[in-house]
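Below is one structure, written out as structure tokens; the observations come after it.
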Ligand code: PEP
Ligand code: MG
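Numbering (my numbering), first residue to last: 2 to 760.
Given below as structure tokens:
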């Protein structure tokens with residue numbers, strides 16, 4: 002008898018499987034596999050069964066040794082016969098004498114009865130059943146444990162191949178089905194529910210921007226435009242003027258973040274490879290609109306495939322340029338080259354895209370890939386509503402569809418009727434009234450007269466205007482990362498100083514809390530690192546980045562210290578996980594102070610240093626942190642994320658992101674108590690600080706300083722005014738006693754009903 006060659010066999014199968022990637026016929030491939038296995042293992046029979054998930058049935062799909070007529074007709078239920086059992090139990094079954102096995106199932110006419118030895122190995126992907134690989138031999142007890150191992154290895158490889166082929170088949174079927182069903186987009190429902198990322202209301206026409214698709218182009222279908230080379234040249238000139246104006250305007254409005262934000266547009270426009278190539282295509286006889294589309298698409302293709310994130314980020318710029326050139330060429334009405342009256346639907350957006358689109362008057366954003374925290378923050382600062390929905394929902398909105406966004410609730414209306422518009426007008430004025438800061442009092446007090454301070458969160462310098470309008474008592478959180486995120490390189494100490502000084506000056510003596518760089522997590526700097534971290538939220542983020550990059554950290558600290566000369570400023574560190582982190586950061590601040598002193602440069606030697614309480618580990622050592630630091634600030638957005646292990650940007654787990662989880666309530670109570678015990682200032686600067694449902698609790702545990710987005714200031718002041726401190730304390734005590742989420746929820750619900758009846 003020939004020797005079995007199991008190792009060769011595994012290699013051969015790998016080769017066969019690689020063929021499958023070339024799209025060979027599945028039946029032919031399976032047949033090759035069984036022939037090869039039978040040959041190498043010197044068995045009389047080798048067969049493959051494929052499992053149907055819906056019918057819970059295995060069907061013979063290829064065989065060497067049995068009658069070929071059985072292919073497609075022999076079927077086994079899950080658990081039926083030795084093969085069915087192996088698949089049900091997710092394990093190989095080897096039987097020496099099949100005819101004596103209880104499980105053996107005899108099929109007349111396929112000549113199985115001639116074979117005694119039976120080895121069935123399930124083909125699995127994890128726990129998913131894909132099929133079975135079966136070998137049979139006439140000689141009893143023919144198969145050895147080594148054969149079982151070899152067959153398992155082959156089955157594992159087959160699983161990938163069969164699954165891929167199945168996926169390809171499905172994709173093909175889906176493509177055929179979609180082709181048959183023109184138009185491309187599904188007829189939408191009239192209302193889509195998503196999640197609010199930046200509140201407000203907006204109306205406009207849908208415009209899909211998919212920066213990740215290389216072949217997508219924003220341009221309309223060219224169907225005979227008859228434009229000349231001169232027309233194109235004029236469109237180029239007009240586009241350059243528009244962009245130049247836009248850049249100047251943006252630099253004025255958003256000085257901290259908009260430095261040369263449209264420079265890539267201008268560079269590409271001046272590039273002979275771009276404009277010159279379009280011109281030569283027109284000279285060769287191509288219609289101008291088509292020529293623009295052709296070159297834009299080529300650029301998009303090249304840029305989107307680039308290994309460098311900085312280049313990939315330019316995809317949207319090129320598309321925008323193409324869009325502007327076309328619109329100018331077609332002489333669309335003045336101003337049409339921007340995004341006025343349009344709601345952008347995008348799979349992915351960068352903070353710099355948001356800034357640019359905002360400068361181009363976009364009405365709102367609908368994002369389908371989950372909203373990064375920085376994108377939500379920047380949209381809020383720019384006052385642009387943003388709603389997060391799923392990819393399928395986004396795909397169901399046809400371009401140019403009339404939309405109405407109620408980003409307060411996270412609802413998008415499609416083709417809204419007059420009734421919806423009427424509701425929208427009501428909603429819009431209610432929204433404006435609710436957020437109107439003109440009636441706010443300069444001081445905030447509870448009903449019983451206890452003093453509460455409302456500070457502002459500042460993300461962009463443009464946030465200072467609404468902060469001043471509501472007479473914020475200070476800045477409780479300046480998120481310093483935005484000037485870093487939108488630039489192409491780290492801003493110098495001098496550049497940073499100019500920005501921070503503006504912030505301090507405009508607060509006119511009121512305290513300003515600078516937060517050191519918080520990058521990483523869901524926002525990496527494209528110019529810093531292209532290392533892909535598997536778990537960026539647990540990686541090189543915030544203070545870890547700063548401590549690892551001391552030069553960058555020191556430059557920022559020096560700029561903070563200098564900007565704070567003759568002012569009341571504080572510096573706080575994000576994502577501190579231990580007392581040691583805090584001390585390491587504080588040491589660097591002290592080094593910076595010494596060097597500034599040695600250089601004779603003015604700075605604030607009284608700058609207070611604080612810790613952002615965002616991690617469970619920091620809560621465990623909060624006493625020691627409170628003893629060391631000058632102040633604590635609760636970063637509830639991250640505290641919830643890290644305590645509950647719920648990604649704050651992940652739609653799928655958003656229902657688990659619960660500020661009222663008993664663990665969060667108790668952690669916050671511990672933080673405030675530790676601060677009070679050590680006589681240190683404690684504030685809260687996460688989104689929770691403006692949550693009306695949670696405000697009584699926060700007041701009740703002793704918080705008296707709230708740093709919030711300015712838009713929420715009127716609501717927070719009104720609520721504080723309506724609460725007695727003793728009532729807040731009793732609410733907090735009750736809530737702290739609950740051990741279950743459901744108990745807290747029932748309590749909050751009941752209280753809401755009570756306050757509604759009281760109102
Ligand atoms: C927080 O985590 O609550 C916080 C204020 O910081 P950021 O939202 O910038 O992470
Ligand atoms: Mg945070």
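The beta-carbon is built from N, C-alpha and C at its ideal position, and this holds for glycine as well.
Check: Meets three-Cβ-pair contact criterion under 8 Å: the stretch 118 to 127 and the stretch 154 to 165; Outcome: yes
Check: Length of the line joining the Cα atoms of residue 457 and residue 722; Outcome: 18 Å
Check: As assigned by DSSP and simplified to three states, the class of residue 492; Outcome: coil
Check: Proximity test, residue 411 beta-carbon vs ligand 2 heavy atom, cut-off 7 Å; Outcome: no
Check: Reference residue 387; option with closest CA among 203, 500 and 733; Outcome: 203
Check: Cross-strand partners of residue 563 (DSSP beta bridge); Outcome: Answer by DSSP bridge pairing: none, since residue 563 is not bridged.
Check: Same chain, Cβ closer than 6 Å to residue 163, neighbours up to 5 away in sequence not counted; Outcome: 131
Check: Residue of 563, 492, 613 and 638 minimising C-alpha distance to residue 544; Outcome: 613
Check: Spatial distance of residue 218 from residue 56 (CA atoms); Outcome: With a pLDDT of only 47 at residue 218, under the threshold of 50, the placement of this residue in the model should not be trusted, and no figure is reported.
Check: Residues of its chain near residue 389, where Cβ-Cβ distance is below 7 Å and the 5 sequence neighbours each way are ignored; Outcome: 195, 196, 198, 368, 371, 372 and 652
Check: Backbone secondary structure at residue 96 - three-state DSSP; Outcome: strand
Check: Unbroken beta strand (DSSP E) run spanning residue 206, endpoints; Outcome: 202 to 210
Check: Residue 720 versus residue 299 - alpha carbon distance; Outcome: 56 Å
Check: Separation of residue 731 from residue 746, as counted between CA atoms; Outcome: 16 Å
Check: 7 Å Cβ shell around residue 503 - same chain, five flanking residues per side excluded; Outcome: 462
Check: Beta-ladder partner(s) of residue 65, from DSSP; Outcome: 47
Check: Buried versus exposed call for residue 713 [16 or more other C-beta atoms within 10 Å across all chains shown]; Outcome: buried
Check: Cutoff 6 Å; reference residue 179; Cβ partners in own chain excluding five residues on either side; Outcome: Reliability fails at residue 179, whose pLDDT of 48 lies under 50, so the model's placement of it is uncertain and no value is given.
Check: Close-in-space but distant-in-sequence residues of the same chain around residue 568 (CB under 6 Å, 5 per side omitted); Outcome: 505
Check: Same chain, Cβ closer than 7 Å to residue 737, neighbours up to 5 away in sequence not counted; Outcome: 666, 667 and 670
Check: Residue 692 CB to nearest heavy atom of ligand 2 below 7 Å; Outcome: no
Check: heavy atom of ligand 2 below 7 Å from residue 615 C-beta; Outcome: yes
Check: Residue 88 and residue 52 closer than 8 Å at C-beta; Outcome: yes
Check: Residue 445 in three-state terms, based on DSSP; Outcome: strand
Check: Residue 571, buried or exposed, once every other Cβ within 10 Å from all chains shown has been counted against 16; Outcome: buried
Check: Contact set, ligand 1 heavy atom to C-beta under 6 Å; Outcome: 374, 478, 480, 519, 615, 636, 637, 638, 639, 686 and 687
Check: CA-to-CA distance, residue 415 to residue 749, given in whole angstroms; Outcome: 34 Å
Check: C-alpha distance - residue 603 paired with residue 556, whole-angstrom precision; Outcome: 15 Å
Check: Bridge partner(s) assigned by DSSP for residue 324; Outcome: DSSP lists no partner for residue 324.
Check: Helix, strand or coil at residue 439 [DSSP, three-state]; Outcome: coil
Check: Residue 575 Cβ short of 7 Å to ligand 2 heavy atom set; Outcome: yes
Check: Selected residue, minimal CA-CA separation from residue 263, among 284, 209, 353 and 348; Outcome: 353
Check: DSSP three-state assignment for residue 584, whether helix, strand or coil; Outcome: helix
Check: Nearest-angstrom Cα separation, counted from residue 558 out to residue 590; Outcome: 6 Å
Check: Meets three-Cβ-pair contact criterion under 8 Å: the stretch 683 to 697 and the stretch 405 to 422; Outcome: no
Check: Residue 123 in three-state terms, based on DSSP; Outcome: strand
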